[in-house]
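J.:
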Amino acid sequence: MSARVLMVQGCTSDAGKSTLVAALCRWLHRQGIAVAPFKPQNMALNSAVTVDGGEIGRAQALQAQACGLEPQTDFNPVLLKPNSDTGAQVIVHGHPVATLDAVGYHAYKATAFNAVLASHARLVERFDVVLVEGAGSPAEINLRDNDIANMGYAEAVDCAVILVADIDRGGVFAHLVGTLALLSASERARVAGVVINRFRGDLALLQPGLAWLERETGKPVLGVLPYLHGLQLDAEDAVPRNAPQEPQSQLRVVVPVLPRISNHTDVDALLAHPQVDVRLIGPGQTPPPCDLILLPGSKSTRHDLQWLRTHGWDAAIARHLRYGGKLLGICGGLQMLGTHLHDPRGIEGAAGSSPGLGWLSLQTTLQPHKQLHRVHGRLLLGDASVSGYEIHCALSSGAALARPLLQLDDGRTDGAISDDGQVLGTYVHGVFDHPMHWLHCWRGPVWRRPRHWILPRCAKPAWSVWPMRCTRIWIPRH
1 MSARVLMVQG
11 CTSDAGKSTL
21 VAALCRWLHR
31 QGIAVAPFKP
41 QNMALNSAVT
51 VDGGEIGRAQ
61 ALQAQACGLE
71 PQTDFNPVLL
81 KPNSDTGAQV
91 IVHGHPVATL
101 DAVGYHAYKA
111 TAFNAVLASH
121 ARLVERFDVV
131 LVEGAGSPAE
141 INLRDNDIAN
151 MGYAEAVDCA
161 VILVADIDRG
171 GVFAHLVGTL
181 ALLSASERAR
191 VAGVVINRFR
201 GDLALLQPGL
211 AWLERETGKP
221 VLGVLPYLHG
231 LQLDAEDAVP
241 RNAPQEPQSQ
251 LRVVVPVLPR
261 ISNHTDVDAL
271 LAHPQVDVRL
281 IGPGQTPPPC
291 DLILLPGSKS
301 TRHDLQWLRT
311 HGWDAAIARH
321 LRYGGKLLGI
331 CGGLQMLGTH
341 LHDPRGIEGA
351 AGSSPGLGWL
361 SLQTTLQPHK
371 QLHRVHGRLL
381 LGDASVSGYE
391 IHCALSSGAA
401 LARPLLQLDD
411 GRTDGAISDD
421 GQVLGTYVHG
431 VFDHPMHWLH
441 CWRGPVWRRP
451 RHWILPRCAK
461 PAWSVWPMRC
471 TRIWIPRH
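Following this line, the structure appears as structure tokens:
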């Protein structure tokens, strides 16, 4: 078997590439076609654990679900996880191989591309269709040399490309025309057409612009996708700033937006809850009164711990607990809640130790080997089933662990609960991804929209505007 390959590239970051690929994956899967997602290189702080204990981007895990598949490392062979303004951990086929700055990674790209092509070769032999997502924009002049994420990959495997642009942010015609103009002749030739995403209003008013665009570029407009409110698919990098506010909230949650925040998708299920008000608090903002402060994961925990102190969060947390509030730390957030955090090998930056916030009697030492586990178990607070994943390079010890938060099915325990029950911590990401009965212990019943409801919602409009004539060239006949 040799699959048909189609690549979706975007004029900008957040143009809608991930959502469009997920939508098309879902539709093809529903037609009985063996389809797989693929992203050659991803830069993201939010990741998921695969069935074989590797690490890939969250978007590819969601796209795999749309295909009816478990996440696999071949779906995202190269993952870059920034841990500073200039450096990133390089993860190849699910496992970290180095921490490199931009110059170092540029030199490593040839090796990374070999990993990309190896994964591509395996996927095209196993599936009928491979839907590929690009990264950022293919027209970034400074990144075009030795590109492996966009046109460099498309040229190497000789696949067609669809170019998507976001009309909601403005300048859609300039984005499309400018992007095409900056491509080489051979790259432009493989662009099969363009898609306009997030359109609001009367399509008839847009038609003159679409006609001009087709004349100007020589590329067909394959579809205009509507703006979908409240879609709430997992984000890869940026913390969503348009968190819904619920005036009748039963649970008020405050989350500090850490400079090196990682796996902030832990709060996505809370954002989807109609009676949970999530406030994302950045630098210079005062935390409002709330029921729960959630300390998320971090790619540079000691750095973000100091940031919390600099911005007065240690005092804000103490005041919050004094008035009966709850405090939950996930992964790096758990480590911050302890008494000390040690990084003797400089895993996350300069070697050294930092005092923790001191709300749990435990200390943590960072280690070179990364723990990657998919886990299932029960929440000991409320006896509810949970599942999720661990992604960390740390070993925690201390008296607080004698009162764990989770009992895992593999016999291990995880996390800690303070003696007064106000402070909790866990290494497990995704504790809110399933029915959150345990929050009932605090503030009442909860609800979330499951992804099997969200995926058809984004797939239907994508396919309703996608001309069948444009797919016959690459969808296999049955």
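So that you can map any letter, position 163 of the sequence shown is 163 in full-length UniProt numbering, and since no number is skipped, the others follow by simple counting.
Even glycine gets a Cβ: it sits at the ideal position worked out from N, Cα and C.
Under three-state DSSP, which class holds GLY209?
T.: As a first step, residue 209 must be located in the sequence shown, where it is residue number 209. DSSP places GLY209 in helix when its eight states are reduced to three.
J.: Looking only at C-alpha atoms, which of ASP101, TRP27, PHE38, ARG378 sits nearest to ILE56?
T.: The sequence position of residue 56 within the sequence shown is 56, counting from 1. Nearest option by C-alpha distance: PHE38.
J.: Reducing DSSP to helix, strand and coil, say where THR286 ends up.
T.: For the purposes of this step, residue 286 is identified with residue 286 of the sequence shown, where counting begins at 1. Correct three-state label for THR286: coil.
J.: Quick check: the Cα distance between ASP414 and ALA121, rounded to an integer number of angstroms?
T.: For the purposes of this step, residue 414 is taken as the residue at position 414 of the sequence shown. For the purposes of this step, residue 121 is taken as the residue at position 121 of the sequence shown. Rounded to whole angstroms, ASP414 to ALA121 spans 39 Å at the Cα level.
J.: For a cutoff of 7 Å on Cβ pairs, would you count PRO96 as touching chain B?
T.: Given the protein chain composition of this structure (a single chain), no chain B is represented.
J.: Nearest to GLY68 by alpha carbon, out of GLY32, GLY333, CYS393, ARG260?
T.: As a working mapping, residue 68 is identified with position 68 in the sequence shown. Out of GLY32, GLY333, CYS393, ARG260, GLY32 has the C-alpha closest to the C-alpha of GLY68.
J.: Return the chain-ordered list of same chain residues with a C-beta closer than 8 Å to the C-beta of THR12, the five sequence neighbours on each side being excluded.
T.: As a position in the sequence shown, residue 12 is number 12, starting the count at 1. Around THR12: GLY136, SER137, ALA165, ASP166, ARG169, HIS175.
J.: Near LEU321, what residues of its chain come up, given a Cβ to Cβ distance below 8 Å and the 5 sequence neighbours on each side ignored?
T.: Here residue 321 is taken as the residue at index 321 of the sequence shown, counted from 1. Once the five neighbours on either side are set aside, the close Cβ partners of LEU321 are LEU327, TRP359, GLN422, VAL423.
J.: Assuming contact is defined by CB atoms lying nearer than 7 Å, are VAL428 and GLY398 in contact in what I supplied?
T.: On the sequence shown, position 428 is the one that residue 428 refers to. On the sequence shown, position 398 is the one that residue 398 refers to. No, these two residues do not count as a Cβ contact at 7 Å.
J.: According to DSSP, is ARG58 helix, strand or coil?
T.: In the sequence shown, residue 58 corresponds to position 58, counting from 1. Correct three-state label for ARG58: helix.
J.: Taking ASP419 as the reference, which of ASP409, MET151, LEU381 has the closest Cα?
T.: Along the sequence shown, read from residue 1 onward, the residue named residue 419 stands at position 419. Checked all of ASP409, MET151, LEU381; the closest Cα to ASP419 is LEU381.
J.: Within 10 angstroms of its Cβ, does VAL267 collect 16 or more other Cβ (buried), or is it exposed?
T.: If you number the sequence shown from 1, residue 267 lands on position 267. VAL267 should be labelled buried.
J.: Is the CB-CB distance between VAL157 and SER2 below 7 Å?
T.: Numbered from 1 along the sequence shown, position 157 holds the residue referred to as residue 157. Numbered from 1 along the sequence shown, position 2 holds the residue referred to as residue 2. Not in contact: VAL157 and SER2 (Cβ atoms no closer than 7 Å).
J.: Tell me which same chain residues have a C-beta within less than 7 Å of the C-beta of GLY377, skipping the five on either side of it?
T.: Taking the sequence shown and counting its residues from 1, the one referred to as residue 377 is at position 377. Taken in chain order, the residues that qualify are VAL386, LEU406, GLN407, LEU408, ASP409.
J.: Ordered along the chain, which non-local residues of its own chain (more than five positions away) have a Cβ less than 6 Å from that of ASN46?
T.: Start at 1 with the first residue of the sequence shown, and residue 46 comes out as number 46. Result list for ASN46: ARG58, GLU236, ASN263, THR265, in chain order.
J.: Three-state secondary structure (DSSP) at ASP266?
T.: The residue you call residue 266 lines up with position 266 of the sequence shown. Note: ASP266 maps to helix in three-state DSSP.
J.: Can you confirm whether the segment 293-307 touches the segment 331-345 when touching is taken to mean that 3 or more C-beta pairs between the two stretches lie within less than 8 Å?
T.: Yes, the segment 331-345 touches the segment 293-307.
J.: Just the C-alpha distance for ASN114 and GLY54, rounded to the nearest angstrom, thanks.
T.: In the sequence shown, the residue the question calls residue 114 occupies position 114. In the sequence shown, the residue the question calls residue 54 occupies position 54. Cα to Cα, ASN114 sits roughly 18 Å from GLY54.
J.: Determine contact between the segment 180-187 and the segment 142-162, defined as no fewer than three beta-carbon pairs at a distance below 8 Å.
T.: Touching, per the Cβ criterion.
J.: Going by beta-carbon coordinates alone, are ILE281 and PRO289 separated by less than 7 Å?
T.: Translated into the one-based positions of the sequence shown, residue 281 becomes position 281. Translated into the one-based positions of the sequence shown, residue 289 becomes position 289. No, the Cβ-Cβ distance between ILE281 and PRO289 is not below 7 Å.
J.: Could you please give me the residues that DSSP links to MET7 through a beta bridge?
T.: Counting from one through the sequence shown, the residue named residue 7 turns up at place 7. Answer is VAL132, VAL161.
J.: Could you work out which residue in LEU372, SER84, VAL431 is closest to ALA384 when comparing CA atoms only?
T.: Numbered from 1 along the sequence shown, position 384 holds the residue referred to as residue 384. Ranking LEU372, SER84, VAL431 by Cα distance to ALA384 puts VAL431 first.
J.: Label ASP202 either buried or exposed according to how many other C-beta atoms from any shown protein chain fall within 10 Å of its C-beta, with 16 as the threshold for buried.
T.: As a working note, residue 202 is residue 202 in the sequence shown. Classification for ASP202: exposed.
J.: Can you determine whether any heavy atom of the ligand ZN sits closer than 6 Å to the C-beta of GLY178, and answer yes or no?
T.: You won't find the ligand ZN in this model; it holds no ligand whatsoever.
J.: Nearest-angstrom Cα distance between ILE91 and TYR105?
T.: In the sequence shown, counting from the first residue as 1, residue 91 sits at position 91. In the sequence shown, counting from the first residue as 1, residue 105 sits at position 105. About 12 Å.
J.: Under a three-way DSSP split, which group does THR426 fall into?
T.: Position 426 of the sequence shown, counted from the start, is the residue given in the question as residue 426. It is a strand residue.
J.: Use the C-beta contact count for TRP212: other C-beta atoms within 10 angstroms, 16 or more gives buried, fewer gives exposed.
T.: The residue given as residue 212 occupies position 212 in the sequence shown. Exposed, since its Cβ has fewer than 16 Cβ neighbours within 10 Å.
J.: Here's a check: name, in chain order, each residue in its chain whose Cβ is nearer than 8 Å to the Cβ of ARG345, leaving out the five neighbours to either side.
T.: If you number the sequence shown from 1, residue 345 lands on position 345. ALA351, LEU366, GLN367, PRO368, listed in sequence order.
J.: Just to confirm before moving on: does the CB-CB distance between THR179 and ALA139 stay below 7 Å?
T.: Counting from 1 along the sequence shown, the entry for residue 179 is found at position 179. Counting from 1 along the sequence shown, the entry for residue 139 is found at position 139. Going by C-beta atoms, THR179 is nearer than 7 Å to ALA139.
J.: Let me make sure I understand the geometry here. Which of SER361, GLN371, TRP313 has the alpha-carbon closest to that of ALA402?
T.: The residue labelled residue 402 in the question sits at position 402 within the sequence shown. That would be SER361, whose Cα lies nearest to the Cα of ALA402.
J.: With GLY349 and ARG302 assumed to form a contact (beta carbons below 8 Å), what rounded beta-carbon distance in angstroms separates them?
T.: Position 349 of the sequence shown, counted from the start, is the residue given in the question as residue 349. Position 302 of the sequence shown, counted from the start, is the residue given in the question as residue 302. Rounded, the Cβ-Cβ distance is 7 Å, consistent with contact.
J.: What is the DSSP secondary structure of GLY152, counted as helix, strand or coil?
T.: For the purposes of this step, residue 152 is identified with residue 152 of the sequence shown, where counting begins at 1. Of the three classes helix, strand and coil, the one that applies to GLY152 here is helix, per DSSP.
J.: Quick check on the burial criterion: 16 or more other C-beta atoms within 10 angstroms. Buried or exposed for ALA15?
T.: Position 15 of the sequence shown holds residue 15. Result: buried.
J.: Assuming THR73 and ASP52 form a contact by the criterion Cβ under 8 Å, report the distance between their Cβ atoms to the nearest whole angstrom.
T.: As a working mapping, residue 73 is identified with position 73 in the sequence shown. As a working mapping, residue 52 is identified with position 52 in the sequence shown. Confirmed, Cβ separation roughly 7 Å.
J.: Among PRO283, TRP313, CYS159, whose alpha-carbon lies nearest the alpha-carbon of GLN9?
T.: Against the sequence shown, residue 9 aligns to sequence position 9. For GLN9, the nearest C-alpha among the options comes from CYS159.
J.: At what residues does the beta strand (DSSP E) containing VAL386 begin and finish?
T.: Within the sequence shown, numbered from 1, the residue matching residue 386 stands at position 386. Note, VAL386: beta strand (DSSP E), 384-397.
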